[in-house]
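Everything on this sheet refers to the single structure shown next.
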Amino acid sequence: MKRFLALSFAALAVAACDEASSKDPATATRDALNPPSGLVTVTWDKKVELRWQAMNAEEDFKGFRVFAVAKPLSGLTAPAYPAGYSLEKLRSGSVPRCDQNSALFEAFGFPAIETGDKECEGDEATDSGPAADDAKELALNGKGMLVEEEGTDTAAEGEKEDEEALPPQVVKCQNEAGTVVSTEQLSLPAAVPALTEQVCIVTALADGTALANGTTYTFFVAAIMADDTFEKVEVSWTSNFVEDTPSTKIFEGTVELDAGEVLYLPLEDIAGKTPFTDFTEGTCSDAAPEGCKIYTLNTRSEQGIYFGRLGGGWYPQRTFISATAGDKLALLLRGPQTHDPRDPPKAIATTVPGDQAADGAKASYDKAGTLQPVYGNQVFDFTVDIQGATHYGKVVVGLVELATPDTDTSSVKYPITVLLQTAPNTRHYFK
Amino acid sequence: MPLAGIAVAGALVVGCGDKESDPDAVTVDELKGPGKLWIQDQGDGAVTLNWTGSNNEDDFDGYNVYGVKTAAPGQPATVGGLAEGNALQLLDDDGEPVEAAKTTLAAFNYNPDNGLGLAAPMSDNFSLQDAAEGEEEEEAEFEALPIHKKNGEERLLPTCKHDGAGKCMDTTAANEGQTVEDNNTLYAVNGPISYSLTGLKVGSTYCFLVLSTFDRGEEVSQSSSNMACVTPKYAKEVAITLPTSDDASTFLKLDFNAWIDACATAADGKCPDPGTMFDEAGDTAAHKASDPGPIYVEYSDNIEQPVFVAGKNHAIADLGYYESGFSDPTLPKSAPTLVLDKNSTKSPTDTAARGPISNQGGYSIAGQSITIAAGHVYVFAISKVAEGDESVPEKFHYVWAYVADPATGKVQFRIPKDQQ
């Protein structure tokens, strides 16, 4: 029977760590410190929630550090992300720290690595430790804080010493209750027999700047390992890199609709992205549904997202969602996805998963003016050209409630959330 | 938990017989187990197992995939006391073998010489001791044999090894014994990985779990992935000429009941082309709630597009747009359950008996039109209530349809063998 040796800190392969600068964070090899994986985001209003999978039972494992910069991943081309690391690769897999990608890590507050570390050739690398960057005169202090040797803390002024003890772009995490926790407090039990999800809600960058709606941020997470005094800190290979853009809800509430009635959200009128307080009553040339043309292509002149309900003798409870015909606005049903799979199923979407919004070509969106039946528990993507820009968003319809069941004159209530986003093609949930 | 103590104990024998081929369980600090197993049904008995790995250990060489055909079709399933969705824990928190896990793992006994070789689970009163006493040949006594290929009489384990591009491929004689230490780029796993399997029987239910391995599959992680199960469906692509105008003579009736029967009785075990089972509707008007269906294909001049319409006692759910169709990882793994409201089968103009806005599960009301849109996946809930029978059906065949491109009319179907 094979016997295994105990994993000890001293035995770990700390790759190419410069002995003279042992306070710099070294990169532990993947077999020595398991990197986080499967990092995804949840879009909040002025916040970004990060979720990743971890399996860390290393003896000296201490937790995770979350790194953030206020740039899209593609914006990290100056300084360049490393040759051989395409955006796709960065988005999907771990990255070691070595001279090949020193510039990338510099953008996240790591000290640069001296040239000469040639052990990081693509993913072949098993050793990728850093050396000190004497030119920048950075050193690791205390619990891992990076400070300039002249004494200027890179962390926000006025914060407690132990909170400062982090590299420049390491952000603080909040829990669901809004309580700030240090990333190290996200540590797992000593032994975790299965992949476990970790959660970190980010509200501000390392310098205290609050996250802003409409700004795209890039994040990654690394596991850390240290001795009890944090004199020697090692970081794992990174998680995959993710980006997200906090977004505001432009409507959240309950819409009540009577038979033969039309309501709409006028998307041409979102100056300043001020949230709407209610839908607008649509006009009808006739009170009859034929006058409202609820069951035909939506050709109304007011640009917007419409909810219309049939009246008269045919399916009087039936409701449709539609966007006005034309080339500015389009809808696409994404299915019954109104609750976060992480949460137990619930009736209405205070927590709403996103998806990969279809791209800007609009080819996959509904034919302009098409009516889709509203059955409840549905998510629709929309794309709209307004104020000189193409926006994307989601319309989420919760469970529909009929005020008086089986009565065609009874009003129906729709819990609706509308979110405006700036970009498609990223996997997001939103809250 | 003191890792050092466990590490000294190292690998722990899980099998009862201490036979050479029994797997050893390795503690999590040395070998990380896989997670998040889910299964894509590719149709006609082909499935793809997907899980997440985080394996950079020097000695890591791949994964052992264990499979079993359950005693009776249907999900959720339980195998050897392990419920679908749960992981098998071979060691407890103190690093000691879990006795119940031995029985569970023994239920996953693969025989490569017997077709696909996925055994039906043992009865509840099965004991490993009984099995050991009744079997003398060393190789045949292996309590839990993962799916594998053979090289002559030699078993090639682990079941599969990472190909460096997200696929777990059958171990070959050439790469057996290769580990991460030999080729980090190829064999290490950090993220999703998949393993394809064919030869399952449509209508049967199969359950799988995955374990990470060292030492040619003989040492396994202390915990498995969750156990995931699948009941394979038939697959068939059919070209349907979608109507382009409100000319009712071009409307179609899709007789899924006849087609489902034809699939289930086909000699080759595959669905035949529906032929005249997908035929002209033969009516002169748009269909309504009282029409028998099951499903009509019409053209709505109101929205100027082709539509599906369900007949009485049937229903349609539009699951929305999925770029990769049935392969899309975001596609729901099971159809929403239809609970048919009796009032939803009434005439739309019968004001005395108007039903709900929709049937439960997001299904349409009979007679309502559902737009046929590119990239959308639909579920047709098909009942078998005869015309004139006023009982409300509770079980349905949930037939899945993916419309890749309405212009070509090609629709991919996934057809279950049994009602649910």
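First to last, the protein sequences are chains A and B.
Numbered according to our numbering, the first sequence terminates at residue 459, and the numbering increases by one at each position without gaps.
Numbered according to our numbering, the second sequence terminates at residue 1493, and the numbering increases by one at each position without gaps.
In this text, a Cβ means the ideal position worked out from N, Cα and C, and glycines have one as well.
Looking at the backbone, the Cα of Glu1103 (chain B) and that of Lys1490 (chain B) are separated by about 44 Å. For Trp1111 (chain B), the uninterrupted beta strand (DSSP E) segment begins and ends at 1108-1116.
Pairing Leu338 (chain A) with Ser264 (chain A), the inter-Cα distance amounts to about 59 Å. The residue from B:Leu1315, B:Glu1460, B:Phe1329, B:Pro1405 with its alpha-carbon nearest to that of Gln1378 (chain B) is B:Leu1315. Comparing alpha-carbon positions, the option among B:Glu1460, B:Glu1396, B:Ala1301 lying closest to Thr1121 (chain B) turns out to be B:Ala1301. Within the DSSP bridge table, the entry for Gly1264 (chain B) names B:Gly1126 as partners. Interface criterion met: the Cβ of Gln1441 (chain B) is under 8 Å from a Cβ in chain A. Using a Cβ-Cβ distance cut-off of 8 Å, the stretch 231-251 of chain A and the stretch 86-103 of chain A are in contact, since at least three pairs of beta carbons, one from each stretch, lie closer than that value. Spanning the alpha carbons of Leu104 (chain A) and Leu1273 (chain B) requires a straight line of approximately 48 Å. According to the DSSP assignment, Leu132 (chain A) belongs to the alpha helix (DSSP H) that extends over 130-134. Residue burial is scored here from C-beta neighbours: Val123 (chain A) has at least 16 other C-beta atoms within 10 angstroms and is therefore classed as buried.
Under the three-state reduction of DSSP, Cys320 (chain A) is assigned to helix. Under the three-state reduction of DSSP, Asp1478 (chain B) is assigned to strand. The beta carbon of Gly1482 (chain B) sits closer than 7 Å to those of Ala1312, Ile1313, Thr1314, Leu1315, all from its chain and outside the five residues before and after it, given in chain order. Relative to the Cα of Gln400 (chain A), the nearest Cα in the group B:Ala1390, B:Asp1328, B:Leu1284 belongs to B:Ala1390. Here Met1242 (chain B) carries a strand assignment [DSSP, helix/strand/coil]. Note that the C-beta distance between Ala1447 (chain B) and Ser392 (chain A) is below 8 Å.
Counting only runs that start and end inside the stretch 1253-1336 of chain B, the alpha helix (DSSP H) elements of at least 4 residues fall at 1257-1260. The criterion of a C-beta distance shorter than 8 Å is satisfied by Leu1259 (chain B) and Gly1237 (chain B). Shown here, Ala1180 (chain B) sits in a helix according to DSSP, grouped into three states. Within the model, the alpha-carbon separation for Val209 (chain A) versus Lys90 (chain A) is close to 14 Å.
Its chain contains Ala1217 as the residues whose beta carbon lies nearer than 6 Å to that of Leu1178 (chain B), once the 5 sequence neighbours on both sides are disregarded; these appear in chain order. The Cβ-Cβ distance between Lys422 (chain A) and Thr282 (chain A) does not fall below 8 Å.
B:Gly1366 is the residue among B:Lys1468, B:Thr1357, B:Gly1342, B:Gly1366 whose C-alpha sits nearest the C-alpha of Met1350 (chain B). If only complete runs of 3 or more residues are kept, the stretch 1350-1427 of chain B shows the beta strand (DSSP E) at 1351-1353, 1368-1373, 1378-1383, 1388-1394, in order along the chain. The way I'd put it, the stretch 1320-1340 of chain B does touch the stretch 1449-1462 of chain B; three or more beta-carbon pairs between them come closer than 8 Å. In the three-state reduction of the DSSP assignment, Leu1164 (chain B) falls in the strand class. Gly1348 (chain B) counts as exposed, since fewer than 16 other beta carbons sit within 10 angstroms of its beta carbon. Across the set A:Phe138, A:Ala250, A:Gly206, A:Gln226, the C-alpha of A:Phe138 shows the shortest separation from the C-alpha of Gln197 (chain A). In this structure, the straight-line span from the alpha carbon of Ala1192 (chain B) to that of Lys1306 (chain B) is close to 20 Å. Assigned with DSSP and collapsed to three states, Gly1250 (chain B) falls in coil, not helix or strand. Chain-ordered, the chain A residues with CB closer than 7 Å to the CB of Ala1446 (chain B) read Asp394. Here Val1412 (chain B) is exposed: its Cβ has fewer than 16 other Cβ atoms, across all protein chains shown, within 10 Å. Secondary structure note for Arg119 (chain A): its alpha helix (DSSP H) is the uninterrupted segment 115-120. In the structure shown, the three-state DSSP call for Ser102 (chain A) is helix. Interface with chain B (8 Å Cβ-Cβ cutoff): Thr282 (chain A) is excluded.
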